[in-house]
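Novice: Numbering (the numbering used here), first residue to last: -18 to 664.
Backbone N, C-alpha and C define an ideal beta-carbon position, used for all residues, glycine too.
Keep in mind the model is a prediction, meaning the values are calculated, not measured.
The following block contains the structure, expressed as structure tokens.
Structure representation (structure tokens):
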């Protein structure tokens, strides 16, 4: 059984488990009715705070809105009476429910207040709870670096105080973080550590959450069979403890477990939907369930066998299912925008675009694809910010460590000088001996410092080279997928849609999606196999040819003796030459018989790539922007020269070269790139 792409991309929410050890209480009520009666009878405000917090705990998984009101009342009353423990417990409850109701900013502020209060009280358990909760809020906002930081601090503190319950909770949260980062091996390892702890303690709700987390790790890694028993065990515990929210989450996960049984899928989706609408319609999992509902209906529509079963058993027509699927997608996107969750927006818009394309509604398909890529850009930007923050923290730590080492070295020299002066007071001979000994040691230290300085200079040169290489690769990525190219392709798609040329529009969308995926995958590696790069170059050229109404022909030819699947090439090195040939040679002054020829050949000391066109030529390059949208000048050629120089500097064999010249016969340009055989070690 194979896990669906939609479930693999589902947002994984960090569990916010709130633990607080308050002073012992005489209240052991079994239901809300008993507690409400006691609330009317008690005379002291501290007792009222305890009852209000108990009422909140009873209702937080079934009626969170009502539970939040109890927690807020308890907080105000406890603060008025300066009852710190009651105030802290109310803050824990408020933070939990605010997260359930989709209010992460309020939850963060509440837990920051909780941390300061517990720190003032010296309450380690409360501090650990607040650290876990802060990590959860950061994960909700896709700030993985900050989330991991607080989660590991919480675990370290819990282990220090040997609190098994808190240790298990921290392990669950860290496991969920690794699942979200797609590091499933670590996710499973942490969850199984928590499982060992739960064998020693009796906490069924937290144990159920851990079983759910284990199921997620296996399911999102594509192992449905291993995930299924964990999900079913978690559901059983949630049902035993009356945790409606836990039930809803598991129902959503079981939809993909039973992907071959459409009736069960719809049953689980409906069960989850009813629970979420009742307790927390703005919860992230509630929104994900809404989108999953639309996705599941759409998948059934495309499978004739499943469609026949649903039509026969549930009486749902194909037309009605299509309408329902679209409504669920629209509702999910609307709610995702409302809470500002970029990952959900990105996931739902791309799936909704596929449904629009299925309905031949290419206009809405295009607008949702555009929104998907806009959100993807913002996610990448956030990812870069997280990485920069992490590197900055590492740098600050290293700086402090170096300063500490220098202080140690200076302290050692001063100690030796003290011994020297003491020796001078005892005997002149010993003083002279120590003096020369000290000079010898200083000489050794100077020599050592000189060697260290030389090593540091070499490292600085290496870092500078790496920086230039990364900058050059970034320029190549921008050149290959620059906003101007994306804008032109999308405009071309829109033009075909307006002209009702659906076939061409669909082909453009497919080729553009394939090219985007190849470029993003190739850009993560310093070297890629030639067959992937060759395919990306062909897709790019086909897109340009389609955009310009096939104003030129092209041919790609690779030497048959070359094994493209094992041959390595630097990614995005050849594309600027093809772009230059098309935009500055073949399209500026179109003429009959315009042609582009790209060849990959074996060379004595490596490989040779040639790009040849019969276009405008080097001497007639355009100096102003034309109506075709051609750029004023190509920045790619300078980038190629820069990368060639870096490859030569890295390999020390100087076999790489780049030349561009007029064709030997007729108009046009002839460009060649010679590269050595890479062994996969070039960075």
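#1: Can you say whether residue 642 is buried or exposed, counting buried as having 16 or more other CB atoms within 10 angstroms of its CB?
#2: What three-state label does DSSP hand residue 164 in the structure shown?
#3: Please name the residue, chosen from 564, 596, 591, 583, that lies closest to residue 576 on a Cα-to-Cα basis.
#4: How long is the line joining the alpha carbons of residue 235 and residue 165, rounded to whole angstroms?
#5: Looking at residue 67: is its Cβ nearer than 8 Å to the Cβ of residue 13?
#6: State the DSSP-derived secondary structure class of residue 11, mapped to helix, strand or coil.
#7: For residue 637, does the count of other Cβ atoms within 10 angstroms reach 16, so buried, or fall short, so exposed?
#8: Out of 138, 521, 347, which has the shortest C-alpha to C-alpha gap to residue 476?
#9: According to DSSP, is residue 565 helix, strand or coil?
#10: Following the continuous beta strand (DSSP E) through residue 577, name the residue where it begins and the one where it ends.
#11: What is the rounded straight-line gap between the Cα of residue 285 and the Cα of residue 654?
#12: May I ask you to list the residues that DSSP assigns as paired with residue 292?
#13: Can you tell me the Cα-Cα spacing of residue 170 and residue 162, whole angstroms?
#14: Closer than 8 Å is the cut-off here; do at least three beta carbon pairs connect the region 30 to 48 with the region 253 to 264?
#15: Any chance you could list the alpha helix (DSSP H) runs of at least 4 consecutive residues sitting entirely within the region 241 to 290, in chain order?
#16: Which whole-angstrom value describes the C-beta separation of residue 115 and residue 138, a residue pair presumed to lie in contact below a C-beta threshold of 8 Å?
#17: Between the C-alpha atoms of residue 505 and residue 499, what's the straight-line distance to the nearest angstrom?
#18: Go ahead and pull the three-state DSSP assignment for residue 27.
#19: Note the first and the last residue of the continuous beta strand (DSSP E) segment covering residue 653.
#20: Residue 590 lies in the beta strand (DSSP E); which residues open and close that run?
#21: Anyone know if the C-beta pair for residue 523 and residue 492 falls short of 8 Å?
#22: Look at the alpha carbon of residue 503 and the alpha carbon of residue 314, and state the distance between them as a whole number of angstroms.
#23: Please tell me whether residue 539 and residue 581 are closer than 8 Å, where the distance is taken between their beta carbons.
#24: Does DSSP classify residue 546 as helix, strand or coil?
#25: Looking only at DSSP bridge pairs, what is residue 157 linked to?
#26: For residue 197, count neighbouring C-beta atoms within 10 Å of its own C-beta (all shown protein chains included) and say buried if the count is 16 or more, exposed if not.
#27: Decide if residue 227 is buried, meaning its Cβ has at least 16 other Cβ atoms within 10 Å, or exposed.
#28: Taking the alpha carbon of residue 534 as the point to measure from, which residue in 644, 565, 572, 280 has its own alpha carbon closest?
#29: Quick one: Cα of residue 517 to Cα of residue 622, how far?
#30: Would you grab the beta carbon distance between residue 56 and residue 37 for me? Rounded to a whole angstrom, and I think it's under 8 Å.
#31: Whole angstroms are fine: how far does the CA of residue 176 sit from the CA of residue 134?
#32: Run through DSSP, which three-state label would residue 608 get?
#33: With a Cβ-Cβ cutoff of 8 Å, do residue 485 and residue 549 count as a contact?
#34: By the three-class DSSP mapping on this structure, what secondary structure does residue 54 have?
#35: If we call anything under 8 Å between Cβ atoms a contact, is residue 290 one with residue 244?
#36: In terms of residue numbering, what span does the alpha helix (DSSP H) encompassing residue 73 cover?
Specialist: On the basis of the supplied data:
#1: Residue environment for residue 642: exposed (fewer than 16 other C-beta atoms within 10 angstroms of its C-beta).
#2: Coil.
#3: The residue with the shortest Cα to Cα distance from residue 576 is 596.
#4: The alpha-carbon atoms of residue 235 and residue 165 are separated by roughly 19 Å.
#5: Against a cut-off of 8 Å, the Cβ pair of residue 13 and residue 67 comes out as no contact.
#6: Reliability of the predicted coordinates at residue 11 is poor, the pLDDT of 49 falling under 50, and no value is obtained from them.
#7: Sixteen is the threshold: when 16 or more other Cβ atoms of the shown chains lie within 10 Å of the Cβ of residue 637, as they do, the residue is buried.
#8: Of the candidates 138, 521, 347, the one whose C-alpha sits nearest the C-alpha of residue 476 is 347.
#9: Collapsing the DSSP output to three states places residue 565 in a helix.
#10: First-last of the beta strand (DSSP E) with residue 577: 576 to 584.
#11: Answer to the nearest angstrom: the Cα atoms are 52 Å apart.
#12: Residue pairing for residue 292: DSSP places it in no beta bridge.
#13: Answer to the nearest angstrom: the Cα atoms are 14 Å apart.
#14: Put simply, the region 30 to 48 touches the region 253 to 264. At least three CB pairs are less than 8 Å apart.
#15: The qualifying runs are 243 to 260, 265 to 283.
#16: Contact flag wrong, Cβ pair sits at about 13 Å.
#17: Near 10 Å, if we compare the C-alpha coordinates of residue 499 and residue 505.
#18: Three-state result, residue 27: helix.
#19: Residue 653 -> beta strand (DSSP E) spans 650 to 657.
#20: Here the beta strand (DSSP E) through residue 590 covers 587 to 594.
#21: Taking a C-beta distance under 8 Å as the contact criterion, residue 523 and residue 492 qualify as a contact pair.
#22: For the pair residue 503 and residue 314, the Cα-to-Cα distance works out to about 30 Å.
#23: Their beta carbons are under 8 Å apart, which means residue 539 touches residue 581 by this criterion.
#24: Coil at residue 546, not helix or strand.
#25: Residue 157 pairs with nothing; no bridge assigned.
#26: So residue 197 ends up on the buried side.
#27: It counts as buried.
#28: Relative to the Cα of residue 534, the nearest Cα in the group 644, 565, 572, 280 belongs to 572.
#29: Approximately 21 Å between the Cα atoms of the pair.
#30: Wrong, their Cβ atoms sit about 10 Å apart, outside the cutoff.
#31: In a straight line, the C-alpha of residue 134 is about 21 Å away from that of residue 176.
#32: A caution first: residue 608 carries a pLDDT of 41, below 50, which makes its placement in the model unreliable, though a value can still be read off. Three-state result, residue 608: coil.
#33: No, Cβ-Cβ distance for residue 485 and residue 549 is not below 8 Å.
#34: DSSP places residue 54 in helix when its eight states are reduced to three.
#35: Contact flag set, yes.
#36: In the DSSP assignment, residue 73 falls within the alpha helix (DSSP H) that extends over 65 to 81.
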